[in-house]
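Each protein sequence line maps, in turn, to chains A and B.
When the letters of the first sequence are read in order and numbered with the numbering used here, they come out as residues 1 to 306.
When the letters of the second sequence are read in order and numbered with the numbering used here, they come out as residues 1 to 306.
A short write-up of the structure that comes next.
2 protein chains.
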Amino acid sequence: MRELRALQARLHGVWSEAGYGEVWTPTLEYEEVLRRGDARAAGAGFRTFDDHGNVLALRSDMTIPIARLVSNRYAHVKPPIRLTYFSHAYRMVKVRSGQPREFLQGGLELIGVPAPEGDAEVIALTLEGLIAAGLGRHRLGLGDGALYGRLLAELEVPEAQREPLLEALARRDLVELGVRVERLNVSPAARDLLERLPRLRGGREVLGQPDAPLAGAMDNLRAVYELLAERGVADRVIFDLGLVRELGYYTGMVFEVYDPAVGFAVGGGGRYDELIGRFGRPLPACGVGLDIHRVHVAQLEEERQT
Amino acid sequence: MRELRALQARLHGVWSEAGYGEVWTPTLEYEEVLRRGDARAAGAGFRTFDDHGNVLALRSDMTIPIARLVSNRYAHVKPPIRLTYFSHAYRMVKVRSGQPREFLQGGLELIGVPAPEGDAEVIALTLEGLIAAGLGRHRLGLGDGALYGRLLAELEVPEAQREPLLEALARRDLVELGVRVERLNVSPAARDLLERLPRLRGGREVLGQPDAPLAGAMDNLRAVYELLAERGVADRVIFDLGLVRELGYYTGMVFEVYDPAVGFAVGGGGRYDELIGRFGRPLPACGVGLDIHRVHVAQLEEERQT
């Protein structure tokens, strides 16, 4: 607990220094709020009832409650709005699966700053926060969560065939993805691109000569990279064009943070330009959430391995 | 949030300096655990289910989860065990009652130190923490939660008549208490004592010439007072012999903290020598829980009024 408290204080220090004000939202949200943000977010959680029979859910995510907060409580605050949080979130897991039901998240939400500037600010503060927290070997996988879907639309793949492809991609099941791509009625070049794209991983060269339908997303990723280079943190970025985050509200760049000292992501985030509008105040936004316990484990493992 | 964070840091500073290590327990407890601690604690909470159909409850209190923790996880740690926590707790309230469903508690549990030394340590650290947090006018009402029940037993009041009397006392309904005392088949002197005791409030003089059945409790309160005087905080104590705390696990001294700047208690605690044993490791213990938001309001009100 002492180490967790110190770790949070260091992240909080870097982020509040950068102008992010701390917010807190109730642990229990109306399920309808979570559902409006993302159907999966609502389904994942523990549910209970208030004395009027309304369904309450333990928040499974902080971004949706903050989107609601910005629309309701911050309705007249001029953007950009910079918010940070340190809160527990909850998910149903199988008993004895070794997964925690409750996890401590620390994160940022940057509201009202579009890509690429907003993307770069959130990514840079994620990396700088982790450096302040004592991590030295962390890397950030950067992609675009809307890329594959946009490519399928451009190639006029029928809607009914898109969903299973995107689900296979979200599970990183490249075997099933390959089988399904083979069955599509598209040109050999398109089929090649659909199979190749999720495997594109590496430095700036993977953005190389973008095929036409991908040019917009690639240009944004390139611009984000340049802004990160200016802040001196671009060397930690690995492009990963097959990256898709689990929650469905991402509309642009997405990222995950890894540490080679441990075998799991310690957090991630992305751009969600349509989420806040679902609660009444359309504003572009992006954010990050770190799993504080996982960051702590990564920090301990880095120390142990040196 | 900035002020709440600073307030918690100051309390945490004083308490960790005094040797209290921070603990955290899951937000969701098995309802059976809460029930074993106190039937009311289990009933007050929001409930949900895990995937095996076990009933889970949002903790309505931190003391019972910590009692479980000490019996299970600290089974081989030599007492005294000094623990502190800063956690949210939950209770069902009527919609629009103005009562929060969720409240942030900060507190201490001192395990393995009997009365009066343990009582005095917890009370002194409560008062010292609040001074460090910026309060200057707070007072502490000190009584004994088992006093009235013990007196009823000594006077051989039948069990069936005791419960309604204790409930009236817990509600501070001295009118109903008086009516019920009148009906008891006891001596005039006993009747007088039963009516007078809950109104005894003030300085050391209320401990005056204790009637025989109360001598033990009075001696303890006097000893606690002397220990507090040695630490220079006794001037904040007001004896209140009608004080009974809501939860049923208290076995000795109980206290509540007030601030004249606001019209509510900001926290309280007491001795619970039988609670930890219900989870398998009999140890004397006492503790305090402060409502951090209420302490914050009291702090702001004190500033406003000066």
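Glycine is no exception: its CB is placed at the ideal position from the N, C-alpha and C atoms.
Buried or exposed: R171/B, going by 16 or more other Cβ atoms within 10 Å of its Cβ? Residue environment for R171/B: exposed (fewer than 16 other C-beta atoms within 10 angstroms of its C-beta).
Please name the residues in the region 16–35 of chain B whose beta-carbon is closer than 9 Å to at least one beta-carbon of chain A, in chain order. S16, G21, E22, V23, W24, P26, T27, L28
To which residues does DSSP link L83/A through a beta bridge? G21/A, E109/A
Is it buried or exposed, D235/A, if we count other Cβ atoms within 10 angstroms and call 16 or more buried? exposed
Between A132/B and R281/A, what straight-line distance do the alpha-carbon atoms span, to the nearest angstrom? 42 Å
For the alpha helix (DSSP H) that contains D219/A, what are its first and last residues? 215–230
Nearest-angstrom Cα distance between E117/A and R2/B? 27 Å
Partners in chain B for T48/A, counting only beta-carbon separations shorter than 7 Å: F46, R47, T48
Can you round the beta-carbon distance between W24/B and Y85/B to whole angstroms, since I take them to be within the 8 Å contact cut? 7 Å
Less than 8 Å between the C-beta atoms of R278/B and F239/B, yes or no? no
Based on the DSSP output, what are the partners of L140/B in its beta bridges? V237/B, V257/B
Which residues, in order along the region 202–230 of chain A, keep a beta-carbon less than 9 Å from a beta-carbon of chain B? none
Compare the beta carbon distance of F264/B and L142/B with 8 Å and say whether it is the shorter of the two. no
Taking buried to mean at least 16 other C-beta atoms within 10 Å of its own C-beta, is R82/B buried or exposed? buried
Output, in chain order, the set of chain A residues within a Cβ distance shorter than 8 Å of M1/B. G21, E22, V23, W24
Environment of G136/A [buried if 16+ CB atoms lie within 10 Å]: So G136/A ends up on the exposed side.
Who does A89/B pair with in a DSSP beta bridge? F103/B
V257/A and E301/A: beta carbons closer than 8 Å? No, the Cβ-Cβ distance between V257/A and E301/A is not below 8 Å.
Taking all protein chains shown into account, do 16 or more other C-beta atoms lie within 10 angstroms of the C-beta of R101/A, making it buried, or fewer, making it exposed? When all chains shown are included, R101/A counts as buried.
Chain-ordered chain B contacts of R5/A [CB-CB under 7 Å]: Chain B residues near R5/A: E22.
Below 8 Å, how does it come out for the region 54–65 of chain A and the region 6–16 of chain A: are there three or more Cβ pairs, yes or no? no
Mind reading off the beta-carbon distance from V237/A to L228/A? Whole number of angstroms is fine, and I expect it under 8 Å. 6 Å
Candidates P260/A, D259/A, G287/A: closest to G270/A by CA position: For G270/A, the closest of P260/A, D259/A, G287/A by C-alpha to C-alpha distance is G287/A.
So which residues on chain B does H138/A lean against when the C-beta distance must stay under 7 Å? The contacting residues do not exist; H138/A stays about 25 Å from chain B at best.
Return the bridge partner residues of D61/B from the DSSP annotation. Bridge partners of D61/B: none, in fact.
Where Y148/B falls: helix, strand or coil (DSSP): Of the three classes helix, strand and coil, the one that applies to Y148/B here is helix, per DSSP.
Could you pull the DSSP bridge partners for E29/B from this structure? A57/B
Among the residues of its own chain, which have a CB less than 6 Å from the CB of P65/A, if the five just before and after it don't count? Only residues of its own chain outside the window of five on either side were considered, and among them T25, E29, R59 have a CB closer than 6 Å to the CB of P65/A, listed in chain order.
Could you have a look at D38/B and say whether DSSP puts it in helix, strand or coil? coil
Cα-Cα separation, G178/A to H296/B: 59 Å
Which residues in chain B have a C-beta closer than 9 Å to the C-beta of E109/A? List them in chain order. Neighbours of E109/A on chain B: none; closest Cβ ~14 Å, over 9 Å.
According to the Cβ coordinates, are L326/B and P79/B closer than 8 Å? Chain B is shown only over 1 to 306; residue 326/B falls outside these bounds and no answer can be derived.
Nearest-angstrom Cβ-Cβ length linking G112/A and R245/A, presumed shorter than 8 Å: Their Cβ separation, rounded to whole angstroms, is 21 Å, which puts G112/A and R245/A out of contact at 8 Å.
Buried or exposed: where does T251/B fall if 16 or more other Cβ atoms within 10 Å of its Cβ makes it buried? buried
Other residues of its chain near L147/A: CB distance less than 6 Å, five sequence neighbours each side excluded: These residues qualify, in order along the chain: A217.
Please return the same chain residues whose Cβ sits closer than 6 Å to the Cβ of G267/A, not counting the five positions on each side in sequence. V257, G289, L290, D291
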